[in-house]
Amino acid sequence: MPHLTFRTAGESHGPGLVALVEGTPAGLPLLAESIDAQLARRQQGYGRGRRMQIETDRIEFLSGVRAGETLGSPIAMLVRNKDWANWSATMDPAPRPEDATAEGRKRQLTRVRPGHADLTGVLKFDREDARDILERASARETTARVAAGAVARRLLEELGVRVGSHLVHLGGIDAAPRSIWPEDLNAAADRSVLRCLDPAAETAMIARIDAAKAEGDTLGGISEVVVRGLPVGLGAHVAWDRKLDGRLAQAICSIPAVKGVEMGIGFAAARLPGSQVHDPIEPLPAGAPLHEGAVRRGLVQRLSNRAGGLEGGMTTGEPLLLRVVMKPIATLMKPLGTVDVRTGAKASAAAERSDVTAVPAMGVIAEAMTALVLADAMLEKFGGDSLGETRRNLAAYLARIAERRGAVAGDAADA
Ligand code: EPS
59 MPHLTFRTAG ESHGPGLVAL VEGTPAGLPL LAESIDAQLA RRQQGYGRGR RMQIETDRIE
119 FLSGVRAGET LGSPIAMLVR NKDWANWSAT MDPAPRPEDA TAEGRKRQLT RVRPGHADLT
179 GVLKFDREDA RDILERASAR ETTARVAAGA VARRLLEELG VRVGSHLVHL GGIDAAPRSI
239 WPEDLNAAAD RSVLRCLDPA AETAMIARID AAKAEGDTLG GISEVVVRGL PVGLGAHVAW
299 DRKLDGRLAQ AICSIPAVKG VEMGIGFAAA RLPGSQVHDP IEPLPAGAPL HEGAVRRGLV
359 QRLSNRAGGL EGGMTTGEPL LLRVVMKPIA TLMKPLGTVD VRTGAKASAA AERSDVTAVP
419 AMGVIAEAMT ALVLADAMLE KFGGDSLGET RRNLAAYLAR IAERRGAVAG DAADA
């Protein structure tokens, strides 16, 4: 039974999106502005389409928050779609006169787009108009995920955990690899229109996006999520569904257009011997001051973090590193071949307004999904009906690890 759960509802051009988050402890400071700040980060990024100029996403709390603090009850949030004004006839929940005509409603989509949910959804759900599918399959839904993730992020912040990301690859161009990050990773990444920390690569990526746009094409890429401050021991090795790597993979791969996730060195581990994959462990230097960071890292030092902060389905306390792979957006302005599901005839796929790339936004969404999984794992381990209780339980766990110092850090031998 998960400890923090969320659900979203809403169609891309419907009246709005809803996020419902259950399981937060009471007493968590939470302002609409801190959630809106995350929504704004998701709306950035060179290569987005005109829709992002229409929307300025803001949440309204419908429940669960009072006087700037959570109540411990379900938190319901609403984001209204400004574009609804242009789509209310198309998306009207009530029957309309044109529904009874041969043409039906405007903006039907029957030339299904390869790579989108259009065709499989129409067949599976037995619909005539792929709009019944694409409105929910649209990445607009991720607005509500980011709102839910912002609640999880606030909880993690209060418990000393920081979630950030940056873009490392776009459309065939790599950013220079790095293993240390700015202290405030998101502040640095958000200054770039692509959320990329390598200015030379960013310039080349922008040119690549412009070229793809001119060609009516789209681009994918990779964003890296970096989580710092985690305590050792979230997740568990004891059962398949408690392993944190599996839980993260499920959450990350549920993001629209995400095709895979690497943890630490990821797929490179297949090509290297074990001696170059696993991270040697050393005791802390004898007599070293016992900082909380060292306790969170289990009172040891690792000479590398190729595991990306996960061993045995549990956090090691090293930074959690996830590289998230996004395919190019499936809506092409120079469309691929398809069939028209109404006539069965050969056709060119529909070319709806869309983005050239959304990898910078995907990084923010991956942060949100990661935060939701980690906040759930924190509450699983530390529980608590109030933030104070969660904090005390975390502190007691860290105190117990600190007590083991002699055994783990080799002090007894050195004494
Ligand atoms: C999307 C198509 C575009 C994107 C949209 C995702 O929207 P529209 O069809 O209204 O032009 O802008 O992304 C968002 C609206 C968003 O908030 O991220 C799609 O088909 O997935």
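Under this note's numbering, think of the first position of the sequence shown as 59, with each following residue one higher. Where a beta carbon is used, it is the ideal one built from N, C-alpha and C, also for glycine.
C-alpha distance - residue i paired with residue j, whole-angstrom precision
i: S312; j: A424; result: 10 Å
i: A245; j: L97; result: 15 Å
i: A297; j: G173; result: 34 Å
i: S70; j: A409; result: 16 Å
i: A134; j: V209; result: 11 Å
i: T448; j: A147; result: 48 Å
i: I47; j: V180; result: Because the chain is modelled from 59 through 473, residue 47 falls outside the range shown and cannot be assessed.
i: I264; j: A426; result: 25 Å
i: D176; j: G395; result: 14 Å
i: A272; j: A95; result: 32 Å
i: V170; j: A419; result: 25 Å
i: L452; j: L167; result: 52 Å
i: L456; j: D184; result: 54 Å
i: A269; j: M391; result: 13 Å
i: L357; j: L288; result: 13 Å
i: Q101; j: A234; result: 25 Å
i: S250; j: M110; result: 17 Å
i: K164; j: W145; result: 10 Å
i: R411; j: S196; result: 12 Å
Residue from the options whose Cα sits closest to the Cα of residue i
i: P386; options: L432, V316, A158; result: V316
i: A509; options: K140, D187, G130, N144; result: Here the chain covers residues 59 to 473 and nothing more, so residue 509 does not appear.
i: T415; options: A435, P314, G351; result: P314
i: N139; options: Y104, Q166, T201; result: T201
i: R236; options: A143, R249, V283, K392; result: V283
i: L380; options: G179, K164, V221; result: V221
i: R198; options: S92, E376, E113, T448; result: E113
i: I231; options: D242, M149, E260, E241; result: E260
i: R99; options: G85, A84, D115; result: D115
i: V417; options: R253, R169, Q166; result: R253
i: H61; options: G446, Y455, G442; result: G442
i: N266; options: A352, V251, P289, G229; result: According to the sequence shown, residue 266 is Arg rather than Asn. The option with the nearest alpha carbon to R266 is G229.
i: L292; options: L136, G126, M436; result: M436
i: F119; options: A90, D141, A125; result: A90
i: A143; options: G72, S92, D157, R154; result: G72
i: V422; options: M384, D141, Q334, A195; result: M384
i: D248; options: A433, S444, H224; result: H224
i: P393; options: Q334, D275, V319; result: D275
i: A429; options: L243, R400, V204; result: V204
i: L432; options: A407, T389, R450, L378; result: L378
Cβ neighbours of residue i in the same chain (closer than 8 Å, five flanking residues each side left out)
i: P132; result: L78, V79, E80, S121, G122
i: R65; result: A77, L78
i: R360; result: D337, P338, I339, E340, T374, E376
i: D472; result: Low local confidence applies: a pLDDT of 38 at D472 is under 50, so the model's placement there is unreliable, and no value is given.
beta-carbon residue i near the ligand EPS non-hydrogen atom, thresh 8 Å
i: E113; result: yes
i: T389; result: yes
i: E425; result: no
i: S412; result: yes
i: P314; result: yes
i: Q101; result: yes
i: L192; result: yes
i: M110; result: yes
i: G107; result: yes
i: H224; result: no
i: R198; result: yes
i: S70; result: yes
i: D94; result: no
i: D434; result: no
Neighbourhood of residue i by C-beta, 6 Å cutoff - its chain only, sequence neighbours within 5 removed
i: L88; result: V123, T128, R212
i: H227; result: G279, I280
i: L368; result: D303, M321
i: I323; result: R364
i: R458; result: none
i: L75; result: G68, V137, T201, A202
i: D398; result: T168, R169, A405
i: S444; result: P83, A84, G85
Element boundaries [beta strand (DSSP E), containing residue i]
i: L78; result: 74-80
i: R189; result: Note, R189: premise wrong, no beta strand (DSSP E); alpha helix (DSSP H) at 189-195.
i: L474; result: What is shown of the chain runs 59 to 473, which leaves residue 474 out entirely.
Contacting residues, own chain, Cβ-Cβ under 7 Å from residue i (five flanking each side not counted)
i: H295; result: K301, G370, G371, M372
i: D413; result: G105, R106, G107, I387
i: E348; result: The sequence as given places Leu at residue 348; Glu does not occur at that position. Only A460, R463 meet the Cβ criterion.
i: T63; result: E80, G81
Unbroken alpha helix (DSSP H) run spanning residue i, endpoints
i: F440; result: 417-440
i: K182; result: 176-183
i: K271; result: 257-272
i: R354; result: 350-354
i: L384; result: According to the sequence shown, residue 384 is Met rather than Leu. Note, M384: premise wrong, no alpha helix (DSSP H); beta strand (DSSP E) at 378-384.
i: I459; result: 445-461
i: R163; result: Premise fails: R163 is in no alpha helix (DSSP H) and is neither H nor E.
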